[in-house]
Every structure is written in structure tokens, then in C-alpha cells.
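Numbering (my numbering), first residue to last: 4 to 116.
Note that beta-carbon positions come from the ideal geometry of N, C-alpha and C, so glycine has one too.
If you're wondering where the values come from, they're calculated on a predicted model, not measured in any experiment.
Following: one structure in C-alpha cells, then a few remarks.
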């Protein structure tokens, strides 16, 4: 039971870390989608500079979107693992409880015989 509890604890921590990373990636992607906040400067006067900035921005936001996708997939895997472990833990606990109940029943029967 202790080993399972430790594993569940680590999975919960991993899930928390993934959720934090996902939120950060989503914020970054949203910020990138809005574009650079500083306006003016040389880039606006020279069409070329503005074009380059937009292109590099697009690449960054695509990167963030990919990161968000990857993190969501990882989070789903961690969730699935947690569900499986919790299922096993409750099954194990039920099996242990049943075994104990049988053990007590046998002991009672033996004492009464």
C-alpha cells in the first residue's frame, strides 16, 4: 500500500507541474497571438522589418500552440495513469477487506466449532 501511495503522490505532483506548464504555454500562445505590444520604431517605417517581425511571431505562436498540444496529451496520459492506479488501489483495498472478512469468518467458525 505504501508503494502505491508514493506512486500516486508522485503522479499528483507531476500532474500539478504539467498543469502549470500548460497554463504558462497557453498564456504565452495567447500573448503571441496578440503580437508585440511595442508599436512604432523602425519596423513600421520599413515594410521589410515589420514583415520579418510578423513572420518570426507566427513561428513562435505555432511553437507555443504545439507545446500546448503536447502538454495536453501528457496531461491526459497522467490522468489516465492516475485513474488506473486509483482503480487498482480501490480494487486492492476491496480485495484486502474481503480477505480479512473471510479470515475473520473462518476464525469465528473455528472458535465456534
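- Message: Going by beta-carbon coordinates alone, are residue 25 and residue 87 separated by less than 8 Å?
- Response: Residue mapping note: residue 25 aligns to position 22 of the chain shown, counting from 1. Residue mapping note: residue 87 aligns to position 84 of the chain shown, counting from 1. Contact: no.
- Message: Short of 8 Å in beta carbon distance, which residues of its chain neighbour residue 89, apart from the five on each side in sequence? Order them along the chain.
- Response: Start at 1 with the first residue of the chain shown, and residue 89 comes out as number 86. Only 11 meet the Cβ criterion.
- Near residue 77, what residues of its chain come up, given a Cβ to Cβ distance below 8 Å and the 5 sequence neighbours on each side ignored? Taking the chain shown and counting its residues from 1, the one referred to as residue 77 is at position 74. Cβ-Cβ distances below 8 Å link residue 77 to 21 in the same chain, with the five nearest sequence neighbours on each side left out; the list follows chain order.
- Supposed close pair residue 14, residue 96 - CB separation, criterion 8 Å: For the purposes of this step, residue 14 is taken as residue 11 along the chain shown, with counting starting at 1. For the purposes of this step, residue 96 is taken as residue 93 along the chain shown, with counting starting at 1. That belief does not hold up - the Cβ atoms of residue 14 and residue 96 are roughly 18 Å apart, past 8 Å.
- Locate the alpha helix (DSSP H) running through residue 4, then write down its first and last residues. Sequence index remark: in the chain shown, residue 4 carries index 1 (1-based). That residue, residue 4, is in no alpha helix (DSSP H); it is neither H nor E in DSSP.
- Measure the C-alpha to C-alpha separation of residue 30 and residue 105 and round it to an integer number of angstroms. For the purposes of this step, residue 30 is taken as the residue at position 27 of the chain shown. For the purposes of this step, residue 105 is taken as the residue at position 102 of the chain shown. Between the alpha carbons of residue 30 and residue 105 lies a gap of roughly 55 Å.
- Taking the alpha-carbon positions, what's the residue 82 to residue 92 distance? One-based indexing of the chain shown puts residue 82 at position 79. One-based indexing of the chain shown puts residue 92 at position 89. Put simply, the backbone Cα of residue 82 is about 15 Å away from that of residue 92.
- Query: Taking the C-alpha atoms as reference points, what is the distance between residue 17 and residue 7?
  - Reply: Here residue 17 is taken as the residue at index 14 of the chain shown, counted from 1. Here residue 7 is taken as the residue at index 4 of the chain shown, counted from 1. Approximately 15 Å, taken between the alpha carbons.
- Query: What is the rounded straight-line gap between the Cα of residue 110 and the Cα of residue 98?
  - Reply: If you number the chain shown from 1, residue 110 lands on position 107. If you number the chain shown from 1, residue 98 lands on position 95. Those two C-alpha atoms are separated by around 18 Å.
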